[in-house]
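Reading through the structure tokens given below for one structure.
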Amino acid sequence: MYDYYLGGKDNFQADRAAAAHVLRLVPAVQAAAYANRRFLRSAVRYLAETAGIDQFLDLGVGLPTQGPVHQVAHRVNPDARVVYVDIDPVVVLHANVLLSAGDRSIAVQGDFRAPGDILADPAVRGHLDFGRPVGVLLLGVLHFVSDEEDPAGAIAVLRDHLAPGSYVTVSTVVRGRVANRKTAAAAVKVYDQANARLYPRSEEELEAMFAGFELLDVSAVLSDLPQEPDLPNIGWSCIARKP
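Here the numbering used here runs 7 ahead of the position in the sequence shown, where the first position is 1.
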């Protein structure tokens, strides 16, 4: 569905039908999808250029689309290394077909809800040095993880294993941004009938998940970069730094 919002071709009829239904209910979803990609590019450039991050862990990457992390990072630092992680083996296979040795990037199968397994994966540990700062990306992921699956606990595991000076960059759906509650509930129900339910949260709930991090002012840190993010109506984004 996300690929459809972005005008991609990696989607099925069922995806297109469900996404079109969501767009009829909340047209801003498509603008938010494009804004999310702009946020990714701006955030990665900030991390690589200003924060000096040269290794990235992209969790829940999804199907490859325009402007992936390694391409953005390599414009700043050609030696930057990236690990893409997704729960879907088809996504991982597709990504590894597209990636070349020169990309300094790999894709592995993993689940954000089990971060310890990702961090212990020999391929991940062989590609990234967790003794140095890492830029972790959680873009469009948290709203697919229920409270019972403990996203705050997963973030805490990441925090405890990351070196000081590491960053976690997040974008997610936030509850209460769509004025018509009935319309918002109907849009969420579309996802309930798909293969991934949607769990919007309040800004306060999201901020609480990042205890132990310093939450940066996104507008301020990205103000000098092109394509400054503007997640319309339904999105919440942050860049969190481990002191």
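Yeah, the Cβ is synthetic: ideal placement off N, Cα and C, and Gly gets one too.
Using a Cβ distance threshold of 8 angstroms, I60 and P122 do not count as a contacting pair. By the Cβ neighbour-count rule, K249 is buried, with 16 or more other Cβ atoms within 10 Å of its own. Going by DSSP, I125 is part of the alpha helix (DSSP H) stretching over P122 to A127.
The C-beta separation of V90 from L135 comes to about 6 angstroms, placing the pair in contact by the 8 angstroms criterion. Residue pairing by DSSP puts F63 in a beta bridge opposite V89 and G142.
In this structure R23 is exposed. Its beta-carbon is surrounded by fewer than 16 other beta-carbon atoms within 10 angstroms.
Taking E156 as the centre and dropping the five residues before and after it, the same chain places the C-beta of R120 closer than 8 angstroms to its C-beta, in chain order. Excluding five sequence positions before and after L30, the CB atoms of its chain that fall closer than 8 angstroms to its own CB belong to Y12, V36 and Q37, given in chain order. Residue ranges of uninterrupted alpha helix (DSSP H) with 4 or more members, entirely inside the region 151-176 and ordered along the chain, are 158-168. Per DSSP, the continuous beta strand (DSSP E) segment holding R248 begins and ends at G242 to R248.
Annotated as distal: V51 and V92, with beta-carbon spacing of 8 angstroms or more.
Distances from the CA of S226 to each of W243, A27 and P129 were compared; the closest alpha carbon is that of W243.
At a Cβ-Cβ threshold of 8 angstroms, D65 and L144 count as neighbours. In terms of Cα proximity to S209, the closest of D154, H168 and Y174 is D154. CA-CA distance, T179 to M216, rounds to 13 angstroms. With respect to the 8 angstroms criterion, N84 and A55 are classified as neighbours on the basis of their beta carbons. In this structure A87 touches Q62 by the C-beta definition: roughly 7 angstroms separates them, less than 8 angstroms.
From the listed residues R132, I94 and S173, the smallest Cα separation to S112 is found for R132. Q116 is bridged by DSSP to D93.
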